[in-house]
Amino acid sequence: MSLRQIYKWGGLAIAAIVLIFVLITTWYTVDESEQAVVLTFGKAEDGVTEPGLHFKMPWPIQEVEKMSKETFSLDFGFNDGEDEADKVTMITGDDKIVQADLVVQWKITDPRGYLFASEDPEQVLFNATSSSLRGVIGSSEIDEALTSGKAEIENEVREMLVSLIEGYEVGISIIDVKLQEVDLPNQEVRKAFTKVTDAREQKQSKVNEADKYANQKREEALGEKDAIIQRAEGDKVERIQDANGAVSRFNALLSEYENNQDVTRERLVMETLEEVLPQANVYIMNDDGNTMKYLPLNQGNVQKVTPPAGEDSEESEKSE
2 MSLRQIYKWG GLAIAAIVLI FVLITTWYTV DESEQAVVLT FGKAEDGVTE PGLHFKMPWP
62 IQEVEKMSKE TFSLDFGFND GEDEADKVTM ITGDDKIVQA DLVVQWKITD PRGYLFASED
122 PEQVLFNATS SSLRGVIGSS EIDEALTSGK AEIENEVREM LVSLIEGYEV GISIIDVKLQ
182 EVDLPNQEVR KAFTKVTDAR EQKQSKVNEA DKYANQKREE ALGEKDAIIQ RAEGDKVERI
242 QDANGAVSRF NALLSEYENN QDVTRERLVM ETLEEVLPQA NVYIMNDDGN TMKYLPLNQG
302 NVQKVTPPAG EDSEESEKSE
């Protein structure tokens, strides 16, 4: 075989190889779980998300970068080794040290931004997660972080992280943020915090008991007040009725006095004597008045004289 034939067959072989390579690099497939972006001389075109067979210019004119559509998880605060989880340590707003574990679920929504906006988008996400969690924990008190404030802290971290990632434009979207655990750094601190928590709960229990006792005494006082008011109202009504009765009796007596003054006057005198004399000591002196008397006479040895029945009947007839 001559040299010319060798060159000819060599050129044909090279052309066939180039043609095969061109044919191979002019098409690509996208799976349902994938998304792709076409690069023309290194410049990114619009992303391709439809699955199936697609065509492009041969390499090196155009090339394809494929990325997954799945949701990824970033475990912030965990160690992937065999040892126990190495939690991230941070300081709360009241200068207490805590450890926190956070899981961020994210996915690639802008392949062009994911490829070219940052050299390492996942590191950007990690730094943004660290900044968001530390910022929220740093403005919270330890009681909130360890007890009822976890849900609020989780929401604040999610909002801050979404805002940061959207501002960085690295082609990543935050799907969810889960605050797994917030705990104290070691066992001694946990025991001390437990004692403080128990003391606070005991204090609250005593406060509740005191409030209960105060409410009970307040109710008793209010009941006693109502009873006193009711008794006072009853006395008021009784006195008003007595006064009205006295006025009625006085008006009746006045009417009788105006009709017959002499008889009414004598009757009043006799009634007054009947009321006064039974309660008085009466002394009858039969002397000339030369003897000095000391009053009260015969104190402590007063004899009660019962008048005869005839005299009582006579006096009653006179009074009538």
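Just so we're on the same page, this note's numbering is the position in the sequence shown counted from 1, plus 1. All C-beta atoms, glycine included, are put in the ideal place defined by N, C-alpha and C. None of these values were measured; they are calculated from a predicted model.
Inspect the beta-carbon positions of residue i and residue j and report whether they are closer than 8 Å.
i    : j    : result
L162 : A129 : yes
K108 : K70  : yes
V158 : V137 : yes
Decide if residue i is buried, meaning its Cβ has at least 16 other Cβ atoms within 10 Å, or exposed.
i    : result
S141 : buried
S74  : exposed
A222 : exposed
D63  : Residue identity differs from the one stated: residue 63 is Gln in this sequence, not Asp. Q63 should be labelled buried.
T72  : exposed
G1   : Any property of residue 1 remains undetermined from this structure, which presents the chain solely from 2 to 321.
P122 : buried
D81  : In this prediction, D81 scores a pLDDT of 47, lower than 50, which makes its location untrustworthy; the coordinate-derived value is nonetheless stated afterwards. By the neighbour-count rule (16 or more Cβ atoms within 10 Å), D81 is not buried but exposed.
D313 : Note that D313 scores 48 on pLDDT, short of 50, meaning its location in the model is unreliable; the coordinates nonetheless yield the value given after this. D313 is exposed by the Cβ-count criterion.
V99  : buried
I92  : exposed
I175 : buried
L147 : buried
I15  : exposed
P309 : Below a pLDDT of 50, predicted positions are generally treated as unreliable, and P309, at 49, falls in that range; the measurement from the model is reported next regardless. Its Cβ having fewer than 16 others within 10 Å, P309 is exposed.
I1   : This structure leaves residue 1 out entirely; the chain is present only between 2 and 321.
I18  : exposed
S149 : exposed
S206 : exposed
L134 : buried
I173 : buried
G11  : exposed
If you draw a straight line from the C-alpha of residue i to the C-alpha of residue j, how long is it?
i    : j    : result
L185 : F42  : 54 Å
D144 : E33  : 47 Å
T27  : V38  : 14 Å
V31  : A118 : 23 Å
N252 : N245 : 10 Å
E46  : V171 : 16 Å
A86  : R201 : Bear in mind that a pLDDT of 48 at A86, under 50, signals an unreliable position, so the number given afterwards is only what the model happens to contain. Spanning the two alpha carbons is a distance of roughly 30 Å.
R250 : A228 : 33 Å
P59  : Y29  : 11 Å
Q242 : S256 : 21 Å
K97  : K213 : 35 Å
Q36  : L126 : 20 Å
G94  : Q217 : 40 Å
L165 : G139 : 17 Å
V264 : L254 : 12 Å
E234 : R240 : 10 Å
P61  : P112 : 20 Å
Q203 : T90  : 30 Å
E225 : D236 : 16 Å
M68  : T110 : 10 Å
L274 : E220 : 54 Å
P279 : Y258 : 26 Å
L269 : V277 : 12 Å
V248 : V238 : 15 Å
R5   : L40  : 41 Å
E83  : E167 : Bear in mind that a pLDDT of 42 at E83, under 50, signals an unreliable position, so the number given afterwards is only what the model happens to contain. Computed Cα separation, rounded: 35 Å.
E160 : E153 : 11 Å
Would you mind reading off the limits of the beta strand (DSSP E) that contains residue i?
i    : result
E66  : 63-69
K108 : 98-109
D184 : 173-184
E35  : 35-41
S74  : 73-77
T90  : 89-92
Alpha helix (DSSP H) containing residue i: first to last residue?
i    : result
L274 : 262-277
L116 : 112-117
D144 : 143-147
T130 : 122-139
E157 : 151-169
Would you grab the beta carbon distance between residue i and residue j for me? Rounded to a whole angstrom, and I think it's under 8 Å.
i    : j    : result
S131 : F77  : 7 Å
E155 : V178 : 6 Å
E66  : L116 : 6 Å
A101 : V183 : 5 Å
Tell me, please, whether the CB atom of residue i is closer than 8 Å to any CB atom in chain D?
i    : result
D111 : Looking for chain D here will not work: only one protein chain is present.
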